[in-house]
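Using this note's numbering, the first residue of the sequence shown is number 21, and each one after it goes up by one.
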Amino acid sequence: MGDSFIHADWAAPKNVNALVTTRAGGFSQGVYASFNLAHHVDDEQAMVEKNRRKLESHIRQNRNIKQYRERRSDNSISLFWLDQIHSNRCVRWETPSCLVSADASYSSGSNQVCVVMTADCLPILLTNSRGNWVAACHAGWRGLANGVIENTIACYSGPASDLMAWIGPAISQPYFEVGAEVYDQFIALNAEHELFFEPNSRHRFQFDFIGLARHKLSEAGIQVFGGKHCSFADDKRFFSYRRDGQTGRMASMIWFE
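Okay, here's the thing in structure tokens:
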């Protein structure tokens, strides 16, 4: 089961749990093999549900600190899945009943799991130094350009310098080719964004959007961890839409106890 999960390696408070799934150890078959957690990619729904039950079981059985588990008489925990639409919308965690269209969520309640799904886009998990606020953010290039990171940070009532962020598996610059229309959009926002685009021989650009996300977070005063796993390069562990087209999705999630 250990191969199915990567736990964030960062300086978060010990009551904060943050992890991302890999593609290993699930039940899906074919191009979705095997730990696909997305219903919208034409995988067999029964397999997705089995994978989600495995994920929920892992969350309930693998708390960071035993003392937090022992203190709680209520062991309930709920995952807040989103209908991700490549927007800049961040919403407050709510009791799961129907899908909310957004690309980030936050919570100031214990055992409320904020979740985003990715297969090349950036999963960004955030918490504060007191361990009583968390957020999960899905940022593709559109969301990055339109301010999904900034909107997520704005949902925190304290100073951004109280926050830290962990960037999960995403496509790295050598594999992320974009056209002039993407380049122009970012340069129109800020000429300094040129630093994150490398022209290639095809008159297009290799986009370091992990680096740009790190820059945006750092500029806000946030300590940044992660960003070292490439979803495209590691086909054994990660789904990649750019690499495979039809494929599954990993889930990145965060909550506190």
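Each residue gets a CB set at the ideal place from its N, CA and C atoms; glycine is no exception. This structure is a prediction, so every number in the text was calculated from the model and none was measured.
A direct Cα-Cα distance of roughly 17 Å separates Gln205 from Ile169. The three-state reading of DSSP puts Glu114 in coil, since its state is none of H, G, I, E or B.
In this model, Val136 and Arg222 are separated by some 33 Å (Cα to Cα). Tyr203 and Tyr261 have their C-alpha atoms some 20 Å from each other. By the CB criterion at 8 Å, Phe258 and Pro189 fall inside the cutoff.
The alpha helix (DSSP H) runs lying completely inside the stretch 201-261 and spanning 4 residues or more are 229-239, given in chain order. With a contact defined as Cβ atoms closer than 8 Å, Tyr126 and Trp161 miss out at about 22 Å. Listed in chain order, the non-local C-beta contacts of Val51 below 6 Å within the same chain comprise Gln266, Thr267, local neighbours out to five positions each way being set aside. Secondary structure at Ser77: helix, using DSSP grouped into helix, strand and coil. Per DSSP, the unbroken beta strand (DSSP E) holding Val40 starts and ends at 36-41.
The stretch 108-120 makes no contact with the stretch 27-34, as fewer than three CB pairs between them are under 8 Å. The beta carbons of Ser98 and Val133 sit about 6 Å from each other, so the pair counts as a contact at 8 Å.
A Cβ-Cβ distance of about 6 Å is found for the pair Ile144 and Ile187, placing them in contact under the 8 Å criterion.
Assigned with DSSP and collapsed to three states, Ile191 falls in coil, not helix or strand. Where Thr172 is concerned, the enclosing alpha helix (DSSP H) starts and stops at 168-174. Put simply, the backbone Cα of Leu183 is about 28 Å away from that of Phe196. Here Ala233 is actually not in contact with Thr41; their C-beta atoms are around 20 Å apart, not less than 8 Å.
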